[in-house]
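**Q**
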DNA sequence: GCCACAATGTACCAGTTAGTACATTGTGGC
DNA sequence: GCCACAATGTACTAACTGGTACATTGTGGC
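Residue numbers (this note's numbering), protein chains in the order written: chain X, 5 to 197; chain G, 5 to 197.
1) Give me the residue from 182(G), 180(G) and 195(G) with the minimum Cα distance to residue 187(X).
2) Identify whether residue 40(G) lies in helix, strand or coil by the three-state DSSP scheme.
3) Could you check how far apart the C-beta atoms of residue 151(G) and residue 152(X) are, in whole angstroms? I think they sit under 8 angstroms.
4) Between the segment 13–26 of chain X and the segment 69–84 of chain X, can you find at least three pairs of beta-carbon atoms closer than 8 angstroms?
5) Taking residue 156(X) as the query, report the chain G residues whose CB atoms sit under 8 angstroms from its CB, ordered along the chain.
6) In chain X, which residues lie with their C-beta within 7 angstroms of the C-beta of residue 116(G)?
7) Quick one: using the 10 Å Cβ neighbour count with 16 as the cut-off for buried, is residue 101(X) buried or exposed?
8) In the DSSP assignment, the alpha helix (DSSP H) including residue 159(X) goes from what residue to what residue?
9) Is it true that the CB of residue 171(G) sits closer than 9 angstroms to the CB of residue 157(G)?
10) Hey, how far is the Cα of residue 198(X) from the Cα of residue 131(X)?
11) Report yes or no: do the segment 104–122 of chain X and the segment 164–184 of chain G share at least 3 C-beta pairs separated by less than 8 angstroms?
12) What do you get for residue 29(G), buried or exposed, if any count of 16 or more other CB atoms within 10 angstroms of its CB means buried?
13) Return no unless some Cβ of chain X is closer than 9 angstroms to the Cβ of residue 13(G).
14) I want to know whether the segment 39–53 of chain X touches the segment 118–128 of chain X - three or more CB-CB distances under 8 angstroms.
15) Please name the residue, chosen from 173(G), 191(G), 33(G) and 189(G), that lies closest to residue 86(G) on a Cα-to-Cα basis.
16) Using a Cβ cut-off of 9 angstroms (strictly closer), state whether residue 170(X) contacts chain G.
17) Measuring alpha carbon to alpha carbon, tell me which of 78(X), 5(X) and 73(X) ends up nearest residue 146(X).
18) Assign residue 76(G) to one of three DSSP states: helix, strand, or coil.
19) Tell me where the alpha helix (DSSP H) around residue 127(G) begins and ends.
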């Protein structure tokens, strides 16, 4: 699929002929239906984000206990990233291009809301129960969780090589998974200095 | 410089002619001294890592208080990443290539040690003082800090666009900077569940 | 001054690649 | 069966790009 080729090779590295061959169509068809390489990439990017947000909406955390809920959210987000590495590669590529393509896809902005709403709700419950610190908002938490989950996939090669960590080994992965839960719970339940 | 061109355009996106022009030499010279595009990229990568590790060694945290020390380390690492975004872009590119180039530069592995040693020492002091949790090692902490600091630069365009966050705005940056300190301190000083 | 060789300039090539012109084939409506 | 037009196949090109052949110039040693 075109997604894989772009995720694998980057925008300039991806070859339209290559994509045509792998999708068992012809380059002629790609130009007929998409218009050009750039539009194809835009379609791939939009499609990837749409798919990921769809999957994200399935993340349902229905604990009454906000501490358990936030831990579960962190760990499910972790799992989610592990199973969508092509998407993460695509996002990395898009950031190399300073987001010049994604900025042209207006429809994606609204897709980010569900994640934020769920977090808002958990945080609010935790604050009301007096177990969460009060100087943290949903974006902060989402940033911390995303950063960790994305990094652990996106930068596994350089970090793994330099610090001799095998990110894909099951034991290691289980450790990494519980780690982000510990980090977020420990942080949110600590006192405001 | 060649570093900038690779950081800006990626490996396949970078043009040898372009690099030649910007360095005010000729393509001929690049082939004469480096041998080819790939060797030039390897030299750029090695050079970038060497520079960053050099700068990292200057991060000196000499508090007796391990809590203050770890916060300072997190915040200095944050500053460090803010000022070295070309390096971060290069690392992102290298990870897109699954680290195939960096793996050929043996000399880089040993450079990662100082960061780990410093962390080991702070953690040890904190555990001895009974203020840090005991189920965390230096790599864990380094991973959490790196993930956050790298992400906040590397993914600023997509995350910023989707969640409407302006990462470069001074107020925002100050908030992000203290945030990683809060996260790490809150986490490390929390109880092991 | 001259030699050996390092450093550099010039012009080029062979392979690749996004994109297209043009011809041909399918197909749904009547 | 035939028309209009959508869908597809074929063959091409113009521009680019990494890499090189060959000629020329600088330079340190004697």
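A virtual CB, placed ideally from N, CA and C, is assigned to each residue, including glycine. If you're wondering where the values come from, they're calculated on a predicted model, not measured in any experiment.
**A** So, to answer that:
1) What you label residue 187(X) is simply residue 183 of the first chain in a count that begins at 1. Checked all of 182(G), 180(G) and 195(G); the closest Cα to residue 187(X) is 195(G).
2) Residue mapping note: residue 40(G) aligns to position 36 of the second chain, counting from 1. Annotated three-state conformation of residue 40(G) is coil, per DSSP.
3) The sequence position of residue 151(G) within the second chain is 147, counting from 1. The sequence position of residue 152(X) within the first chain is 148, counting from 1. Indeed they touch by this definition, with Cβ atoms about 5 angstroms apart.
4) No, the segment 69–84 of chain X does not touch the segment 13–26 of chain X.
5) Numbered from its first residue, the first chain carries residue 156(X) at position 152. At a beta-carbon threshold of 8 angstroms, the residues of chain G lying near residue 156(X) are 147 and 151, ordered along the chain.
6) Against the second chain, residue 116(G) aligns to sequence position 112. Going along chain X in sequence order, the residues near residue 116(G) (Cβ under 7 angstroms) are 166 and 167.
7) For this step, residue 101(X) is matched to residue 97 along the first chain. Classification of residue 101(X): buried, given that the 10 Å Cβ count is 16 or more.
8) Stepping through the first chain from its first residue, residue 159(X) is reached at position 155. From DSSP, residue 159(X) is part of no alpha helix (DSSP H); its letter is neither H nor E.
9) The count along the second chain starts at 1 and reaches residue 157(G) at position 153. The count along the second chain starts at 1 and reaches residue 171(G) at position 167. Judged by their CB atoms, residue 157(G) and residue 171(G) are nearer to each other than the 9 angstroms cut-off.
10) This structure cannot settle anything about residue 198(X), because the visible part of chain X is limited to 5 through 197.
11) Segments in contact, yes.
12) The residue labelled residue 29(G) in the question sits at position 25 within the second chain. Looking at its Cβ environment, which holds fewer than 16 other Cβ atoms inside 10 Å, residue 29(G) is exposed.
13) Reading the second chain from its first residue, position 9 is the one you call residue 13(G). Proximity of residue 13(G) to chain X, defined by a Cβ-Cβ separation below 9 angstroms, is satisfied.
14) When Cβ pairs closer than 8 angstroms are counted between the two stretches, the segment 39–53 of chain X is seen not to touch the segment 118–128 of chain X, the count staying below three.
15) Numbered from 1 along the second chain, position 82 holds the residue referred to as residue 86(G). When only C-alpha atoms are compared, the closest one is 173(G).
16) Here residue 170(X) is taken as the residue at index 166 of the first chain, counted from 1. Chain G contact via Cβ: absent.
17) Indexing the first chain from 1 puts residue 146(X) at position 142. Looking at the Cα atoms, 78(X) is the closest of the given residues.
18) Taking the second chain and counting its residues from 1, one reaches residue 76(G) at position 72. Helix, per DSSP.
19) Start at 1 with the first residue of the second chain, and residue 127(G) comes out as number 123. First-last of the alpha helix (DSSP H) with residue 127(G): 117–132.
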